[in-house]
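Reading the sequence shown from the start, the letters are residues 1045 to 1407 in the working numbering. Beta carbons are placed, not taken as given, at the ideal position from N, Cα and C, and that holds for glycine. Before any comments, here is the structure.
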Amino acid sequence: MSTSEIQLKERIKELTCLYEVSSIIGNVELDLIEETLQAVAHSLKKAFQYPENTFVDFIIDTISVSSGDYFPNDLKIQSDIKIFNKIQGELVVRLHNSDAEEINFLNEEQLLLDNVALKVGNLLERIEIQKNQTALKRQMERADRLSILGEITAGIAHELNTPLASILGFAELLKSDLDSDKKASDDLQKIIDNAIYSREVVKKLMFFACEMPQEMKHINIVPILKNAINLLDATFRKEQVKYLVKIDAEELWLRADSIQLTQIIFNLLINAIYFSPKDGLVTIEVYKKKKQIVLKIYDEGKGFDLENLDKVFQPFFTTKPTGDGSGLGLSVVHGIVASHKGTISAENNIKKGAIFTVTLPEN
Ligand SMILES: Nc1ncnc2c1ncn2[C@@H]1O[C@H](COP(=O)(O)OP(=O)(O)OP(=O)(O)O)[C@@H](O)[C@H]1O
Ligand SMILES: [Mg+2]
């Protein structure tokens, strides 16, 4: 073959490769990225002058694809793989020079490599974008569910509130009339207790749905937090749970409703105490970060089962035995935090136990 014929053959191989790579990448299933890179590597290998001695490696963050063993004397060319303009890996082609022959890469081969690296970078960008979209969609679906539940709940709570008040009022009237009849007033007391319990549930539901009037003021969270912890001191001791308060400032100001803020702290601490083992430690931390007040509560309990993690803020979700909990605490907290334009998240501690993180904007 003449030199120009050889050159032409090489060009055709390169073009074939580019065509193949484009169609592999164009038809890719986004969760089969490793297989895709393998196919690209295979196609690229064929485009080089000495395919049987050429090896292609993708070295990217979490993925590494290689088409052959590494020899110390291999000749090498490489091209960066960029995702959103940041170098996130490299595409390396090695030429195994077995007989110390006078062989080397062609300039065109480097260009081909750059071209393929660019295409792979674009593919990885597409995957990244899709991942973000899926996460966002999931988040929105969750927010949607919670807000629909919130509306329904608000309606029910509102409807129940007035008749409950009547039940309670009349039962109390009757009880004072029937003072002499022990049996009847015992029964009435049961009605009253249950009505009070129901009223508490309705109150929580209204909190969850943010139907409670809100009084936003410029307040210092530090004394509110200390006060709430003091009120729970007896509960901590009764349950034999220790606590540690980490506050690095005497004053941390924000715009919030102080009663609702206490409600957040109470619910999170009562959960933390409930799920703590004997002698477990609950750590309460509050600090300012950028324009946010961050409240973190750690415990040393059993933490969350992963499949429950995104259910814990839903109303009526509880893993407590019947009678112990209504599953409303965290949905109340979620509602309050949302009405303050803050965020709340739950996660497992690496060591053990649960971590709740609440952020509330300063203003
Ligand atoms: N600190 C924690 N550690 C482990 N699991 C927790 C913790 N806090 C909450 N959970 C899980 O989230 C669920 C829901 O909590 P939530 O406060 O909403 O309801 P509850 O505590 O079960 O009942 P209620 O607060 O109405 O008395 C709990 O039942 C539990 O499964
Ligand atoms: Mg609770």
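Secondary structure in the stretch 1107 to 1178: the beta strand (DSSP E) runs of 3 residues or longer, each lying completely within the stretch, are 1107 to 1110, 1119 to 1127, 1130 to 1139 in chain order. Remark: C-beta atoms of Ser-1066 and Lys-1163 approach each other more closely than 8 Å. With a cutoff of 8 Å on beta-carbon distance, Val-1381 and Val-1402 are scored as near each other.
For Asp-1101, the beta-bridge partners assigned by DSSP are Ser-1110, Val-1136. Below 8 Å, enough C-beta pairs join the stretch 1296 to 1303 and the stretch 1257 to 1268 to call them touching: three or more.
Taken in chain order, the whole beta strand (DSSP E) runs of length 3 or more contained in the stretch 1227 to 1251 number zero. Put simply, of Pro-1405, Leu-1374, Ala-1316 the residue whose alpha carbon is nearest the alpha carbon of Gly-1397 is Ala-1316.
Taking a C-beta distance under 8 Å as the contact criterion, Val-1330 and Leu-1269 qualify as a contact pair. The beta carbon of Ile-1309 sits closer than 7 Å to those of Leu-1269, Ala-1272, all from its chain and outside the five residues before and after it, given in chain order.
Rounded to whole angstroms, the gap between the alpha carbons of Phe-1280 and Tyr-1287 is 8 Å.
Ranked by Cα distance from Lys-1322, the options Val-1338, Ile-1328, Gln-1336, Lys-1346 are led by Lys-1346.
At a cut-off of 3 residues, the continuous stretches assigned as beta strand (DSSP E) that sit fully inside the stretch 1352 to 1393 are 1387 to 1392. Nearest C-alpha to Asn-1205 among Ser-1220, Ser-1383, Met-1250: Met-1250. The bridge partners DSSP lists for His-1262 are Arg-1299. Ligand 2 never approaches Asn-1238 closely enough for any of its heavy atoms to be under 7 Å from the residue's Cβ. In this structure Ile-1077 is buried. Its beta-carbon is surrounded by 16 or more other beta-carbon atoms within 10 angstroms. Residue side-chain check: Lys-1396 keeps its Cβ at 7 Å or more from all non-hydrogen atoms of ligand 1.
Here the residues close to ligand 2, judged by CB distance below 5 Å to any of its heavy atoms, are Asn-1315, Gly-1373 in chain order. Burial state of Thr-1080 is buried, judged by a 10 Å Cβ sphere holding 16 or more other Cβ atoms. Between Leu-1275 and Phe-1400, the beta carbon gap of about 19 Å keeps them out of contact (Cβ cut-off 8 Å).
In the assembly as shown, Val-1109 is a buried residue. Its beta-carbon has 16 or more other beta-carbons within 10 Å. Annotated three-state conformation of Gln-1336 is strand, per DSSP. Counting C-beta pairs closer than 8 Å gives fewer than three between the stretch 1051 to 1058 and the stretch 1101 to 1121, which falls short of the contact rule.
Bridge partners of Leu-1404 according to DSSP: Ile-1337. Around the beta carbon of Asn-1097, 16 or more other beta carbons sit within 10 angstroms, so the residue counts as buried.
Inclusion of Leu-1296 and Lys-1332 in the CB contact set at 8 Å is warranted, their separation being smaller than that value.
Boundaries for Val-1065: no beta strand (DSSP E) harbours it, while the alpha helix (DSSP H) harbouring it runs 1047 to 1070, taken from the DSSP string. Contact fails between the stretch 1155 to 1169 and the stretch 1192 to 1202, because fewer than three Cβ pairs, one in each stretch, are under 8 Å apart. Rounded to whole angstroms, the gap between the alpha carbons of Asp-1124 and Val-1137 is 12 Å. Taking all protein chains in view, the Cβ of Glu-1203 is surrounded by fewer than 16 other Cβ atoms within 10 Å, so the residue is classified as exposed.
In the three-state reduction of the DSSP assignment, Tyr-1331 falls in the strand class.
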